[in-house]
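Novice:
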């Protein structure tokens, strides 16, 4: 299980944009966000304004889903990660620094940062064989 999570995080570390899906009972939203992944807390850190539709959704329902993918037309190279998580406003100053190290220009904008705490990953990796899936579940599921 630890090896599975390491394979997943190795893929995540090669990318920097995720798609995030949010919802309320009345509405759906999906957005793209720059991220930094912090392995020690199994979380993505993202920046987003309170004015966005996805953050308005999160304030009503903090359960989210998302994905990161390698864009390719070659079937044998298809790779991607899907995740389920909870999201909350990030208060921890130490953890915020991970985001600003990855995206130093963002510091001047003083963005509101959010922590996406992952509780489920599913990785598709056709490089390991067509349709190969790696699943990791945290203890909160």
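Residue numbers (the numbering used here): 71 to 211. We treat Cβ as the ideally placed atom computed from N, Cα and C, and that holds for glycine.
When the distance is taken between beta carbons, is residue 106 closer than 8 Å to residue 172?
Specialist: For this step, residue 172 is matched to residue 102 along the chain shown. For this step, residue 106 is matched to residue 36 along the chain shown. In terms of Cβ geometry, residue 172 and residue 106 form a close pair [threshold 8 Å].
Novice: Please decide whether residue 92 counts as near chain D, where near means a Cβ-Cβ distance under 8 Å.
Specialist: Among the chains of the structure shown, chain D does not appear; only one protein chain is present.
Novice: Could you say which of 153, 149 and 155 lies nearest to residue 199 if we only look at CA atoms?
Specialist: What you label residue 199 is simply residue 129 of the chain shown in a count that begins at 1. Ranking 153, 149 and 155 by Cα distance to residue 199 puts 149 first.
Novice: Out of 143, 94 and 151, state which residue places its alpha-carbon closest to the alpha-carbon of residue 124.
Specialist: Position 54 of the chain shown, counted from the first residue, corresponds to residue 124. Answer by Cα proximity: 94.
Novice: Going by C-alpha distance, which of 76, 197 and 207 is nearest residue 140?
Specialist: Counting from one through the chain shown, the residue named residue 140 turns up at place 70. Considering only alpha carbons, the answer is 197.
Novice: Quick check on the DSSP output: the alpha helix (DSSP H) that includes residue 192 runs from which residue to which?
Specialist: Stepping through the chain shown from its first residue, residue 192 is reached at position 122. First-last for residue 192: 183-195, but that is the beta strand (DSSP E), not the alpha helix (DSSP H).
Novice: Check residue 173 in the structure and name its three-state DSSP category.
Specialist: Your numbering for residue 173 matches position 103 in the chain shown. Residue state, collapsed to three classes: coil.
Novice: For residue 188, count neighbouring Cβ atoms within 10 angstroms of its own Cβ and tell me buried if that reaches 16, exposed if not.
Specialist: Walking along the chain shown from the start, residue 188 turns up at place 118. Buried.
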